[in-house]
Amino acid sequence: METLITAFFNFEILRETAPYLWAGFKMSALLTLVVVPLGIAGGLAVALIARTQFRPLRWLVVFYVDLFRAFPPLVLLMFIAFGLPFTGIDLPAFAAVALAFLLNTSSYYGEIFRAGIESIPRGQFEAARSTGLGAAQTMAYIIVPQATRNVVPDLISNTLEVVKLTSIASVVALPELLYAARQAQSVTYNATPIIAAGIIYLVCLWPLVRLLSRFEHRQIALH
Amino acid sequence: MGKFTQTFLNWEVMAQYAPKIAEGFVVTVQLALLVVIAGVASGLVLALVRSFRVKALNLLIVAFVDVLRAVPPLVLIIILYFALPTVGVRMSGFVATWLALSAILAAFAEEIFWAGILAVPRGQWEAARSTGLSFVQAMSQVILPQAVRITIPPLTNRTIAITKGTALGATVAVGEILYQAQTGYSFSYNPSPLTLGAIAYLILFIPVVWFGRWVETRFAWKR
Chain A
1 METLITAFFN FEILRETAPY LWAGFKMSAL LTLVVVPLGI AGGLAVALIA RTQFRPLRWL
61 VVFYVDLFRA FPPLVLLMFI AFGLPFTGID LPAFAAVALA FLLNTSSYYG EIFRAGIESI
121 PRGQFEAARS TGLGAAQTMA YIIVPQATRN VVPDLISNTL EVVKLTSIAS VVALPELLYA
181 ARQAQSVTYN ATPIIAAGII YLVCLWPLVR LLSRFEHRQI ALH
Chain B
1001 MGKFTQTFLN WEVMAQYAPK IAEGFVVTVQ LALLVVIAGV ASGLVLALVR SFRVKALNLL
1061 IVAFVDVLRA VPPLVLIIIL YFALPTVGVR MSGFVATWLA LSAILAAFAE EIFWAGILAV
1121 PRGQWEAARS TGLSFVQAMS QVILPQAVRI TIPPLTNRTI AITKGTALGA TVAVGEILYQ
1181 AQTGYSFSYN PSPLTLGAIA YLILFIPVVW FGRWVETRFA WKR
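One line per chain: the protein sequences are A and B, in this order.
Here the first sequence stands for residues 1 to 223, where the numbers follow the working numbering.
Here the second sequence stands for residues 1001 to 1223, where the numbers follow the working numbering.
See the structure below:
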C-alpha cells in the first residue's frame, strides 16, 4: 500500500508537477474548443453536400467519409505531421492536429447529421417549400434544426470520443495534458503525473458519460 | 509530379519496407481479433452478471464502465505500459494495448448488451418463467436472442471504432502497421513507408467500414 501511494499518488510529486499539468490541461481544453466546432461544422457541410443532385459530387462525399472513417486517427495525424512537411507545407503541431481532426471527425459528424436529416419526413420539405421558402431556407430553418434534435445523443457521444481523442496529439509533441504528464513522469521518475492525467480526464468527462448512458438506455428501449 | 512520387511513392523505399509492413499487418489483425473476442465476451458476461441485480456487484460494474468510457484509450495504454512497472507490474506493449482496448470494448459492450436486455418487454420474462423455464434458461433462450438482435448495429460500430485503436500500440512499440511504417520512415527519411502503411489500413478497414454500413441497414428496425 505504501509503495502504491508513493508510486501513483505521491503528493510531493503532484505539487511539483501541477503547473505543467495545468498548462497541459489548458492546451487540451483549447484543442477541444477548436476541433469540436470545426468538426461539427465540417460534418454538417458533408451531410448537406451529400444531398446534392449532382452525382459525382455525391460519390466524392461518400468516398471522403469512408476514407477517413477507415483511417485510424493516429495514422492520419502521423501522415499529416510527418508526411506533409515533405511537400513544403510545414504546419505547426497545433495546425497539423487540427487538420487531422477536421478530416477525421467531420466524416463521423457527417454520418450523424446525414442520419438525422434522413429521419425527417418528406412532408416537412414539401410543406416548407410550399410556404415559399427556398431550398436553402428550408434546410436552415426547418430541416437541420429538427434533424439535429433527433441525433443529440449521437452528437454528444461522438463529441466525447473527440475530446478523448485529443490525447493522441501528444504523439506529435503538442504539449497537451497527456504529453505534459509524460514529460513530468520522465523528469521525476514517478508515475503520479500520468495517474493524475487519467483522473483529470475522468473527472471532466464523467458527467458526459452519465448523461449518455441515460440517453442510450432510452434510445434502445424505444425500439 | 516527379518529385511528389519520388517523395511519397518511392518504389525503392516501398519495396524495401513492404515486408515489414506486411508483418505489421499480421500483428494488427491478430491484435484486433484478440481485442474483439475478449472485449465482446467480457462485455456480455458483465451484462449477464448485472442481470442478477446484486447491488454491490452492479455498482462495481457501473464504476468500471464509467471509468473506461471516460478515460482516453491512449492514457490507459500509457498507464499500463509506463506507470505499472514502477510498482513491479511489467507487460509487453502488445499485452498493454490488448488489455486496454479489450477493457474499453468490454465497458461499451456491457452498456449495449445491458440496454438490450432491458429493452426486451417484461412480459417476455414473465411468460418464459411461467412456462417453467429457470432464470438461466429464460435468459439464454428467450431474452438474450431478442436482446442481441437490437444490439448488433451499435455494437458493430463501436467494435470497429475500438479496433482502429490498435494503431495506438505504435506508441508502446507494438510492431503493428503504424509502428513499422513509422520506423521505416525514420530510417529512410522518406514518407513512402507511411503511404504504404496508410494503404495497408485502407485495405484492412475499408471492407470493415462497409460491413458496418451493411449491418446498419440489414438490422435497421422498420419504423
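Glycine included, each C-beta is placed from N, C-alpha and C at the ideal position.
Here the structure is a predicted model, which is why all the values come from computation and not from measurement.
Residue i and residue j: beta carbons closer than 8 Å?
| i | j | result |
| --- | --- | --- |
| A:ILE194 | B:ALA1170 | no |
| A:ILE143 | A:PHE125 | yes |
| A:VAL97 | A:LEU77 | yes |
| B:ALA1173 | B:GLY1197 | no |
| B:ALA1070 | A:TRP206 | yes |
| A:ALA197 | B:VAL1075 | yes |
| B:SER1051 | B:ILE1112 | no |
| A:VAL35 | A:PHE94 | no |
| A:THR188 | A:GLU16 | yes |
| B:ALA1167 | A:PRO145 | no |
| B:LEU1178 | A:VAL75 | yes |
| B:PRO1191 | A:PHE68 | no |
| B:VAL1029 | A:ALA70 | no |
| A:ASN158 | A:TYR108 | yes |
| B:ILE1061 | A:ASP66 | no |
| A:PRO153 | A:PHE215 | yes |
Where does residue i fall in DSSP's three states?
| i | result |
| --- | --- |
| B:PRO1121 | coil |
| B:VAL1071 | coil |
| B:ASN1058 | helix |
| B:VAL1136 | helix |
| B:PHE1219 | coil |
| A:TYR201 | helix |
| A:ARG15 | helix |
| B:PRO1207 | helix |
| B:TYR1189 | coil |
| B:MET1091 | coil |
| B:VAL1174 | coil |
| A:ALA173 | coil |
| A:ILE120 | coil |
| A:LEU91 | coil |
| A:GLY39 | helix |
| A:PRO73 | helix |
| A:MET139 | helix |
| B:ARG1053 | coil |
| A:ALA191 | coil |
| A:GLN183 | helix |
| B:GLN1006 | helix |
| A:THR131 | coil |
With 16 as the cutoff for other CB atoms within 10 Å, does residue i come out buried or exposed?
| i | result |
| --- | --- |
| A:SER130 | exposed |
| B:ARG1223 | Because B:ARG1223 sits at a pLDDT of 39, beneath the cut-off of 50, its placement in the model cannot be relied upon, and the point is left open. |
| B:LEU1044 | buried |
| B:ILE1226 | Here chain B has residues from 1001 to 1223 only, and residue 1226 of chain B is not among them. |
| A:TRP59 | exposed |
| B:TRP1114 | buried |
| B:ALA1226 | Residue numbering for chain B in the displayed model covers 1001 to 1223; residue 1226 of chain B lies beyond these limits and cannot be assessed. |
| A:ALA81 | buried |
| A:THR52 | exposed |
| B:LYS1020 | buried |
| B:PHE1004 | exposed |
Please return the same chain residues whose Cβ sits closer than 8 Å to the Cβ of residue i, not counting the five positions on each side in sequence.
| i | result |
| --- | --- |
| A:ALA7 | ASN190, ALA191, THR192 |
| B:LEU1133 | GLN1141, VAL1142 |
| B:ARG1158 | LEU1105, PHE1108, ALA1109, ILE1112 |
| B:ARG1213 | none |
Please go through the same chain and pick out, in chain order, the residues whose beta-carbon is closer than 7 Å to the beta-carbon of residue i, but skip the five residues on each side of it.
| i | result |
| --- | --- |
| B:THR1163 | ALA1032, VAL1035, VAL1036 |
| A:ARG114 | ALA47, ALA50 |
| A:LEU155 | ILE112 |
| B:VAL1120 | ILE1143, GLN1146, ALA1147 |
| B:SER1175 | The sequence shown places Gly at residue 1175 of chain B, not Ser. So the qualifying residues of the chain are GLU1023, GLY1024, VAL1027. |
| B:ALA1138 | TRP1125, ALA1128, ARG1129 |
| A:LEU103 | PHE68, LEU76 |
CB-CB under 6 Å to residue i, same chain, minus the five flanking residues each way: which ones, in chain order?
| i | result |
| --- | --- |
| B:GLU1216 | PRO1153 |
| A:TYR179 | SER170 |
| A:ALA147 | GLY116, ILE117, ILE120 |
| B:LEU1194 | ALA1181, TYR1185 |
| A:SER106 | GLY39, GLY42, GLY43, VAL46 |
| A:LEU160 | LEU208 |
| B:TYR1017 | GLY1184, PRO1193 |
| B:SER1102 | VAL1035, ALA1038, GLY1039 |
| A:ASN10 | ASN190, THR192 |
| B:VAL1013 | SER1188, ASN1190, SER1192 |
Determine whether the Cβ of residue i lies closer than 8 Å to any Cβ atom of chain E.
| i | result |
| --- | --- |
| A:ILE168 | The chain inventory of the structure shown lacks chain E, comprising the protein chains A and B. |
Within 7 Å: the Cβ of residue i and any heavy atom of the ligand SAH?
| i | result |
| --- | --- |
| B:LEU1099 | Summarising the ligand content, the structure contains no ligands, and the ligand SAH is consequently not present. |
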